[in-house]
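Visitor: Top to bottom, those sequences are chains A and B. Using the numbering used here, read the first sequence as starting at 1 and increasing by one per residue. Using the numbering used here, read the second sequence as starting at 1001 and increasing by one per residue.
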Amino acid sequence: MTREPLIFDISEAGKRAYRLPSLDVPGTEDALAGVPVRAGIPGFPRVSEVEVVRHFTRLSQQNYCVDIGFYPLGSCTMKYNPKINEKVAALAGFTASHPLAPADTVQGDLEVLRLLEEYLCEIAGLDACTLQPAAGAQGELTGMMLVRACLEERGDPRKYVLVPDSAHGTNPSSAHLCGYTVKEIKSNEGGTIDLEDLARQMTGDVAALMVTNPNTLGVFEYDIVRIAEIVHAMGGFLYMDGANMNALAGKCRPGDMGVDVLHINLHKTFSTPHGGGGPGSGPVAVKRVLEPYLPVPRVAGTAGARTLDYDRPRSIGRVKSFYGNFGVILKALAYIWSLGPDGLKEMAEIAVLNANYIRKSLDKLYHLKYTTPTLHECVFSDKIQKEHGISNLDIAKRLIDYGVHPPTMSFPLIVHGALMIEPTETESKRDLDQFIEAMTRIAREAETDPELLHAAPHATVVRRLDETGAARNPVLKWEGKAPQ
Amino acid sequence: MSYISLGDQDKKEMLERIGASSLEELYCCLPDEVRLKRRLALPEAMPEADLLRRFEDLAARNTYPGYLSFLGAGVYRHFVPAVVDYLSARGEFITPYTPYQPEVSQGTLQIIFEYQTLICQLTGMDIANASLYDGAMAAAEAVLMANRLNARPKILVARSAHPEYRATIRTYIRNLGVRIEEVGFGPDGRLDPAELARRIDKDTSAVLVQSPNAFGVVEDLKAVGELAHGHQALFIAAVAEAASLGLLEAPGAFGADVACGEGQSFGLAPSFGGPYLGFMACKKEHLRQLPGRITGQTKDVDGRRGFVLTLSTREQHIRREKATSNICTNQAWCALRATMYLETLGAEGLREMALQNVHKARYAAGVLGRIAGVKRRFGGPVFNEFVLELPKDVAAVNARLKEKGVIGGLDLRPFYPELGPCALFCVTEVHTREEIDRLAALLEEALR
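1) Residues of the segment 1412–1437 of chain B with a CB closer than 9 Å to any CB of chain A: list them in chain order, please.
2) Under 7 Å between the Cβ atoms of residue 1087/B and residue 1340/B?
3) Given a limit of 9 Å on CB to CB distance, which residues of the segment 1178–1197 of chain B reach chain A?
4) Please determine, among 1060/B, 1280/B, 1243/B and 1226/B, the residue with the shortest C-alpha to C-alpha distance to residue 1267/B.
5) Who are the near neighbours of residue 445/A in its chain, counting only those whose CB is closer than 8 Å to its CB and skipping five residues on each side?
6) Which bits of chain A does residue 1167/B rub up against, with CB to CB less than 7 Å?
7) Any beta-carbon of chain A closer than 7 Å to the one on residue 1039/B?
8) When you compare the CB positions of residue 230/A and residue 249/A, do they come within less than 7 Å of one another, or not?
9) Identify the continuous beta strand (DSSP E) that holds residue 1210/B and give its terminal residues.
10) Measuring only the C-alpha atoms, how far is residue 1382/B from residue 163/A?
11) Comparing alpha-carbon positions, which option in 351/A, 302/A, 48/A and 240/A lies nearest residue 1004/B?
12) Should residue 392/A be flagged as near chain B, meaning a C-beta pair shorter than 7 Å?
13) One question on the structure: do residue 190/A and residue 284/A come within less than 7 Å of each other, judged by their Cβ atoms?
14) For a minimum of 3 consecutive residues, which ranges assigned as the beta strand (DSSP E) are wholly contained in the segment 278–309 of chain A?
15) When the Cα of residue 38/A is compared with those of 1257/B, 1245/B and 1335/B, which residue comes out closest?
16) Hey, is residue 1244/B's beta-carbon within less than 7 Å of any beta-carbon in chain A?
17) Under 7 Å between the Cβ atoms of residue 456/A and residue 1308/B?
18) Run through DSSP, which three-state label would residue 342/A get?
19) At the level of alpha carbons, what is the spacing between residue 432/A and residue 358/A?
20) Rounded to the nearest angstrom, what separates residue 1185/B and residue 165/A at their Cα positions?
21) In angstroms, rounded to a whole number, what distance separates the CA positions of residue 1161/B and residue 1428/B?
22) Counting only the same chain and skipping the five closest in sequence on each side, list residues whose C-beta sits under 8 Å from that of residue 1369/B.
23) With the cut-off set at 7 Å, would you say residue 206/A and residue 238/A are in Cβ contact?
24) Between the Cα of residue 1448/B and the Cα atoms of 1410/B, 1393/B, 1418/B and 1406/B, which residue gives the shortest distance?
25) So residue 268/A and residue 1117/B are supposed to be a Cβ contact under 8 Å. How far apart are they, rounded?
26) List, from N- to C-terminal side, the beta strand (DSSP E) runs of 3 residues or more that fit wholly inside the segment 193–280 of chain A.
27) Quick check: the Cα distance between residue 1258/B and residue 1318/B, rounded to an integer number of angstroms?
28) Do you know offhand how far residue 1205/B's Cα is from residue 1152/B's?
29) If you follow the alpha helix (DSSP H) that residue 185/A is in, where does it begin and where does it stop?
30) Just grab the DSSP bridge partners of residue 1387/B for me.
31) Smallest Cα separation from residue 344/A: which of 204/A, 316/A, 123/A and 151/A?
32) Is DSSP giving residue 368/A helix, strand or coil here?
33) Count Cβ pairs between the segment 101–113 of chain A and the segment 1059–1076 of chain B that sit closer than 8 Å; are there 3 or more?
34) Thinking C-alpha only, which one of 1273/B, 1313/B, 1140/B and 1010/B is nearest residue 472/A?
35) With DSSP as the reference, please indicate the residues paired to residue 1239/B in a beta bridge.
36) Specify, as a first and last residue, the run of the alpha helix (DSSP H) that residue 1122/B falls within.
As structure tokens, this is what we get:
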């Protein structure tokens, strides 16, 4: 495959791919009086329609995606994205809706918001939900702002937020953006929260503990009820990062464990596509005590007479325009309706089955730092292969040659040289076996032919890229046609 | 449907290898006290045909698309060429994750690189990121970025900026020891330069102004930029109607330090508020403080050009609480649509589209402004929106228009109570002269 040129390099005066209808109002001379008009846009593309179509079709062929195959990117993870969801979200009645339209003309949209809020509350075991956050990280920020607003009203917002050392990087970052200083909680030998360390650090000036459950190792925090007690006893809140709700739906509910506030990544549990890096959606569900602080507006009224309530004086305000990534919300609702209560539970169980099948099939070949039972994912490391000079990066790149997307690398931070594998429930045994076979061969190649791994991948449109050079001498846009 | 690909025999063999007797056994780590001992109270599983019918019913309860509408205010209806829907629907674009493995993600990465280039060209700035959530959040991130750059405690925001942008900024800064002050507008609908001159001081971190502003009026960016820089404050130019960039002078030409805004106009449906596209660009000296993903060009081991996510030492997965922002996932697919839209329209198409917006809005403002009792509220030049002051309560007038199948201008009272009975009308290239004339006739009738 040859590299597709940048569109700017094939641009030429006189080409176009779009023509407007002729102007049907007078093009008055004075229309632009008082407006600074630009002379033109240097370098802006001029191409034909067929060039546009081929450009993007060829570029699409340089992407790996869930529709092509297995994507075991632990923690981030993509399951199969059902096609009916795309069709539903593209219905003109939804896509043409203006967010500032009179409420009585968008009753269908408002009902969609209301229904998904209700269902997420039931799945989470919590009392109220906002769909406004645009992604998981914004959900975290929103959730922590709710905590802070509530504590402020009690007279003291407190100073610290506790975050386990296995947490996603967004957790400390979101807490910081909320004005808190982050303190780290150590993981114990089993990879879960060290209760003694928690009890020691959970003081009266700690606002919340942010816990991911199951955590980023795939381990369920067995002591979650005790953890909640420790946090609540000091007047703090238990925040749960719900990235891994796909392992729990229908089996247990965060609210029943003592969680006060939870964000959910719709793509991961509820099958919305990731689009090469978004749009996501990060709803936040809370216990009753935090409801007054949820972002404005809230969907109110009864079916057929829904309204948007902006009169919420204790609300933190809004975290983005309008009501969330509505197109994504539609797809999640479609997924919940498709699966129903039994399908959601089965989703979780099979995700766990698939992950444990992989773990069991590879645990003699790859090092497993934590041997605690895991749910939806497992984290190996490159410790065994390191003896042959092979890193997790080499293993990941070699997997590409076998037609598989690599797992998440070098995360969680508590596992050095991590390979974090999450298969999801949608994969067939055949796909899982192919992955296991590839990993098995790579383990052998690491011993017999390490050079093969260092040089991988071999068959891609580009091979290993100079990432250090990219950061050292940043070229972040097209800089003009190269001289002929 | 649960989209499972395992057969009964598969499950049996897999459990055998694991050494478990049942699926339940795999949940041995769940303490009994937290187990859910009932079924979730959700509707029963729906086959695809029923599901579609259910959603078609819901969509049909949205009567809005049947009206002739003149709503804008940050969300615009522009014509989207067929190639954009066709190409962006490809599974290779919808179903990849973030391009963490560049060798198998060159499609997405090259498109982001082209997107960053287009945003730089449109805004006249040096560098752009790979996208943020939406225009409002991009404005908030711009304010945070300014504060990281100069650590001053005060942000001046034009009251003529979109109300939801101002609200979002307020939420984002509420816990960071930064205060926001609004600068009012004059009779031309533009930020009042005298008030800005009075309020700006050595504590001012940045001045944020939006153009075209929430009244559709094109701001005097040159004057604002000079005042901001005169006090070593950063100048942030926000854009809620990105189509204007096809015609109006770029923020970079007025010395903006950061340009940010909403890219919904570039091929994204209104879709009841999202997903949209926050864009952000800045001067190159501010690169290290730019939030979000960035794609860069590099070479592979064979010397071939390729693209990677770069400068990640700014980001949360490396820097954790010291990151420039907590953002992780952005709006990549929306940026992809924008790239397709812009490359299809091309230099001429984009300019002509923007120009038609100006002409149609001027025409509409003309015919509506001639109705007895109606007057233009502001004197400043506009792009594709304008504010009319009506002799009657806007809600009552809009109710009459609605009976005739028209959604009139946005009632500004909830957002600007100080204005009196004013409505914001939006007219783009998709409105025909006949539709504008119909609005004029119905408005005249409604006011009679």
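We put the beta carbon where it would ideally sit given N, CA and C, even for glycine. Keep in mind that this is a model prediction, so the values were computed, not measured.
Guide: Reading off the structure:
1) For the segment 1412–1437 of chain B, which is checked against every Cβ of chain A, the residues closer than 9 Å are 1414, 1429, 1432, 1433, 1434 and 1436.
2) yes
3) none
4) 1243/B
5) 398, 452 and 453
6) 317 and 318
7) yes
8) no
9) 1204–1210
10) 50 Å
11) 351/A
12) Output row for residue 392/A: interface = no.
13) no
14) 284–286, 298–302 and 305–309
15) 1245/B
16) The beta carbon of residue 1244/B sits no closer than 7 Å to any beta carbon of chain A.
17) With respect to residue 1308/B, residue 456/A sits apart: the two C-beta atoms are not nearer than 7 Å.
18) helix
19) 7 Å
20) 49 Å
21) 20 Å
22) 1375, 1376 and 1388
23) Against a cut-off of 7 Å, the Cβ pair of residue 238/A and residue 206/A comes out as no contact.
24) Taking the Cα of residue 1448/B as reference, the smallest distance to any Cα among 1410/B, 1393/B, 1418/B and 1406/B is reached at 1393/B.
25) Contact between residue 268/A and residue 1117/B does not hold, since their C-beta atoms are separated by about 31 Å, which reaches or exceeds 8 Å.
26) 206–212, 237–241 and 261–263
27) 24 Å
28) 5 Å
29) Per DSSP, residue 185/A is not a residue of any alpha helix (DSSP H); the beta strand (DSSP E) it occupies stretches across 181–185.
30) 1424/B
31) 123/A
32) coil
33) Three or more Cβ pairs drawn from the segment 101–113 of chain A and the segment 1059–1076 of chain B lie within less than 8 Å of each other, which places the two stretches in contact.
34) Ranking 1273/B, 1313/B, 1140/B and 1010/B by Cα distance to residue 472/A puts 1313/B first.
35) 1261/B
36) First-last of the alpha helix (DSSP H) with residue 1122/B: 1106–1123.
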